[in-house]
Every structure is written in structure tokens, then in C-alpha cells.
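Residues 6 to 346 in this note's numbering are what the sequence shown spells out, letter by letter. Built from N, CA and C at the ideal position, the CB exists for glycine as well.
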Amino acid sequence: MRLLDRLRFCIRARHFSPRTEEAYLFWVRRYILFHGKRHPAELDAPAAVQTFMLALAQKASASTVKQAMSALVFFHGQVLGRELPWIEGLVMPKRPLYRPVVLSRSEVAVLLGAMEGSWALMASLMYGGGLRLNECLALRIKDLDLERCEITVRQGKGRKDRLTCLPVSLVQPLRAHIDRMRRVWQGDRDNAQPGVALPNGLERKFPNAGKEWPWFWVFPSRRPARDPRSGVLRRHHVYDQSFARMLKLALRACELGKRVTSHSFRHSFATHMIEAGYDIRTVQELLGHADVSTTQIYTHVLNRGAHGVRSPADALSAPFETSKAGALTTREVPATGTDAA
6 MRLLDRLRFC IRARHFSPRT EEAYLFWVRR YILFHGKRHP AELDAPAAVQ TFMLALAQKA
66 SASTVKQAMS ALVFFHGQVL GRELPWIEGL VMPKRPLYRP VVLSRSEVAV LLGAMEGSWA
126 LMASLMYGGG LRLNECLALR IKDLDLERCE ITVRQGKGRK DRLTCLPVSL VQPLRAHIDR
186 MRRVWQGDRD NAQPGVALPN GLERKFPNAG KEWPWFWVFP SRRPARDPRS GVLRRHHVYD
246 QSFARMLKLA LRACELGKRV TSHSFRHSFA THMIEAGYDI RTVQELLGHA DVSTTQIYTH
306 VLNRGAHGVR SPADALSAPF ETSKAGALTT REVPATGTDA A
């Protein structure tokens, strides 16, 4: 078996996501090319990895370096059978601490209003339930409980299931949407299309489950596509790039002046929940964070300005006024006391 095929086999045996597989294969190829296409088993692993990582650290972000390191540690340990115990001592670039981009409630409303149809429904679910983009796109019919207003997120980050809230305001739009998707599902059955992909080898255990209505996607793609793993032509869920394009068009129409991504809906959900007085542990459970310290980045909303400090400029009695031309001008203040001198 070829080296990259062995890597692919090890990844799939552990049920890693397709994105992880794609990333690990990419970095192992880069590593091999960096060392002149020499077989990794012929290299001095610690020195070869360290040289590659130091070169990468000079031109890549900290998160990219971390991803590449994870790929190479997995590759050497699981494919080549070479553990890299020294890796803990390797100096890695420090990841900067970014404050999340949070939309106000009015900005969320404007942005959702600029989106249409299923795209607006996806964005509303991400904001209303704190979902990541891929969690939203991978929802299946059985994951929505419209009676209890609950969403079950299956195999989210860290391969964990969790429950989160489904906005009551979305129940009726979702019912109408699901009715339309049922016609899509029925069309696939009438045309003898293969069932949707199932997770964790369930397709081998229950070969017909993918054709059943509960397993169908809430947001299916318009056309069937070739499954990159099995090669089967089947219907997948909407692709993340498609949503990103629609979000970009909506942002262009809104002109919010912020760098908004699909993850901004999740940031805004967490921030607005804490603003509304919900316990941080509750928000942690809804977001699916393993550590409460991750959720605590959203507690910045409890402070106004720089940690709640009020600027002394706010105590002045209107020192500035706006001219007719729109420019900011300083109002004349009579000199008194020592200032007059």
C-alpha cells in the first residue's frame, strides 16, 4: 500500500472528518516535497520535522503551524510507527488572542433580512442555536424536534453530541421548509437515487437507512455529487462555500462595516445569551465547549468600554457639536480660574 493510502486508511479507521483527512494529506505531501521527495522513513524524523516546522513558522499563522504539527505527529506515530516525544519542547509561535466579532441585535436583524429562502433559515439557526456552520449544514430531519424546540447536534467538535435551543419563531418556517424537502427526498426515491451518506460505518450495518426520511438532510444540495470517499453519486448537504458566497452578497448589501463570517452568528448568540442573564454554564452546554474558560471570552459583554471604566470625556457638557457640513467642531468654553492665566 502506498504511503499516502496508508495515511488515508489510518485516518478513516479512526472516523476522522473529511476535512481532517484533507488537511493531514496536504501537510504530509508538503513535508515530503520540502525534503526533496525523499521517503520519510529514510529521514532523521526529529531533525526533519523540526526543520520543516521552523521554516513553516516563519511565514504561517500559529493555527496553521499547529495543524501541520498535528498532521506530522499523527503521520509518524500511526503510519511510520515513530513516536516524537521531543515534540512537546519545540518552540511554537504564540497564537494571538482575538476578540470575537459580535453583531448587535439590530445588525443581526438587518443581515438576516438581506438573506433569502433557505440561506436565511440556515443563518437564523446558527444565530438562534449557536451552531457552527458545518453543524448547521449537516443537520438531518431527525435532529430537529419542533415540538420541544430542540436541536440535537450530532458529532460536533470533539465528536460530541449536544442539545441546543431551536427558536420558536423558526418552527413554522422550518415546517414549510421540511415539507418542500420531503418532495426532494421523494423525488430521489422515485429516481432510485442512492441514499445519503451515513456516519461511522452505519451504511454497512444498515444499508437502506440512508434512503429513509429521518436521515435525509435538512439542507440538501440542489444536485447529486460524487462522494469523495466511496465514489457513489448521491445527494449531499449544502456546501459551506455556497453559504459563504451568499453571506458575502448579503454583507455587501448591508454595509455593516464589520468583518463578519458565519461564525459571527455563533459569537453573537453566546454574547446575547450572557447579556440576557443566562448562566455561563448553561451557555457552555449550548455551545458544546469542553472547558468553561472557552466560554468566558464572551463575558466581555458584561463590561462597557475598557472593563467598564467611564471615560472622563463623557462628563463634559457637550464639548463638541456637529457643523452643518457634518464636521465635528469644538465649542468655545469660557476660560476661568487658573485656566485664564
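Just how far apart, CA to CA, sit residue i and residue j?
| i | j | result |
| --- | --- | --- |
| Gln246 | Leu252 | 10 angstroms |
| Pro233 | Val189 | 22 angstroms |
| Gln63 | Asp296 | 31 angstroms |
| Glu88 | Phe221 | 41 angstroms |
| Tyr103 | Cys170 | 27 angstroms |
| Ile285 | His268 | 19 angstroms |
| Gly262 | Cys141 | 25 angstroms |
| Ala181 | Glu280 | 32 angstroms |
| Arg24 | His277 | 30 angstroms |
| Leu144 | Thr56 | 42 angstroms |
| Glu155 | Pro172 | 8 angstroms |
| Arg309 | Phe79 | With a pLDDT of only 47 at Arg309, under the threshold of 50, the placement of this residue in the model should not be trusted; the figure read from the coordinates follows. Taking the straight line from one Cα to the other gives about 44 angstroms. |
| Arg227 | Asp148 | 21 angstroms |
| Arg13 | Phe270 | 33 angstroms |
| Gln289 | Gly161 | 14 angstroms |
| Gly282 | Arg110 | 15 angstroms |
| Glu208 | Asp150 | 24 angstroms |
| Ala258 | Ala249 | 14 angstroms |
| Val115 | Leu254 | 13 angstroms |
| Leu256 | Glu121 | 13 angstroms |
| Ile302 | Thr287 | 15 angstroms |
| Pro219 | Phe21 | 24 angstroms |
| Leu9 | Leu117 | 43 angstroms |
| Ala119 | Leu61 | 40 angstroms |
| His44 | Arg34 | 11 angstroms |
| Lys216 | Thr69 | 38 angstroms |
| Arg153 | Leu168 | 11 angstroms |
| Leu30 | Gln177 | 43 angstroms |
| Val201 | Arg185 | 17 angstroms |
| Ser235 | Val243 | 18 angstroms |
| Arg19 | Arg231 | 23 angstroms |
| Arg7 | Gln83 | 14 angstroms |
| Ala214 | Asn205 | 13 angstroms |
| Arg187 | Asp195 | 12 angstroms |
Which residue comes first and which comes last in the beta strand (DSSP E) that contains residue i?
| i | result |
| --- | --- |
| Cys170 | 167-170 |
Less than 7 angstroms between C-beta atoms, sequence neighbours within five positions excluded: which residues of the same chain meet that for residue i?
| i | result |
| --- | --- |
| Ala311 | Here Ala311 scores only 43 on pLDDT, less than 50, and its place in the model is too uncertain to base an answer on. |
| Leu292 | Gly135, Ala275, Thr300 |
| Ser273 | Val107, Leu108, Val113, Tyr132 |
| Ser123 | His182, Phe224 |
| His40 | Leu48, Ala53 |
| Asp193 | Arg240 |
For residue i, which residues from the same chain have a beta carbon less than 8 angstroms from its beta carbon, with the 5 sequence-adjacent residues on both sides left out?
| i | result |
| --- | --- |
| Gln72 | Ala28, Trp32 |
| Arg264 | Val106 |
| Ala50 | His81, Leu85, Arg87, Leu89 |
| Leu175 | Leu126, Ser129, Leu130, Gly133 |
| Ala197 | none |
| Arg17 | Glu26, Arg234 |
Along the alpha helix (DSSP H) that carries residue i, what are the first and last residues, could you check?
| i | result |
| --- | --- |
| Ala258 | 245-259 |
| Val70 | 67-79 |
| Gln289 | 285-292 |
| Met278 | 268-280 |
| Lys210 | 207-210 |
| Glu217 | Here Glu217 belongs to no alpha helix (DSSP H), and DSSP marks it neither H nor E. |
| Ala114 | 110-118 |
| Val297 | 297-300 |
Apart from the five residues on each side of it in sequence, which residues of its chain come closer than 6 angstroms, Cβ to Cβ, to residue i?
| i | result |
| --- | --- |
| Met74 | none |
| Pro229 | Leu238, Arg239, Arg240 |
| Leu138 | Asp245, Ser267 |
| Ile37 | none |
| Asp166 | Arg159 |
| Pro199 | Val237, Arg239 |
On the DSSP bridge assignment, give the partners of residue i in chain order.
| i | result |
| --- | --- |
| Arg87 | Paired residue(s): none; Arg87 is not in a bridge. |
| Trp222 | Arg145 |
| Leu238 | Arg231 |
Give a yes or no on whether 9 angstroms exceeds the smallest Cβ distance from residue i to chain B.
| i | result |
| --- | --- |
| Glu26 | The chain inventory of the structure shown lacks chain B, comprising one protein chain alone. |
Can you give, in chain order, each stretch of the beta strand (DSSP E) that sits fully within the region 122-186 and has at least 3 residues? For the region 122-186, whole beta strand (DSSP E) runs of length 3 or above, ordered along the chain, are 155-158, 167-170.
Original post:
What runs of the alpha helix (DSSP H), each 4 residues or longer, lie entirely inside the region 19-57?
Top reply: Taking only runs of at least 4 residues, the alpha helix (DSSP H) segments lying wholly in the region 19-57 are 23-39.
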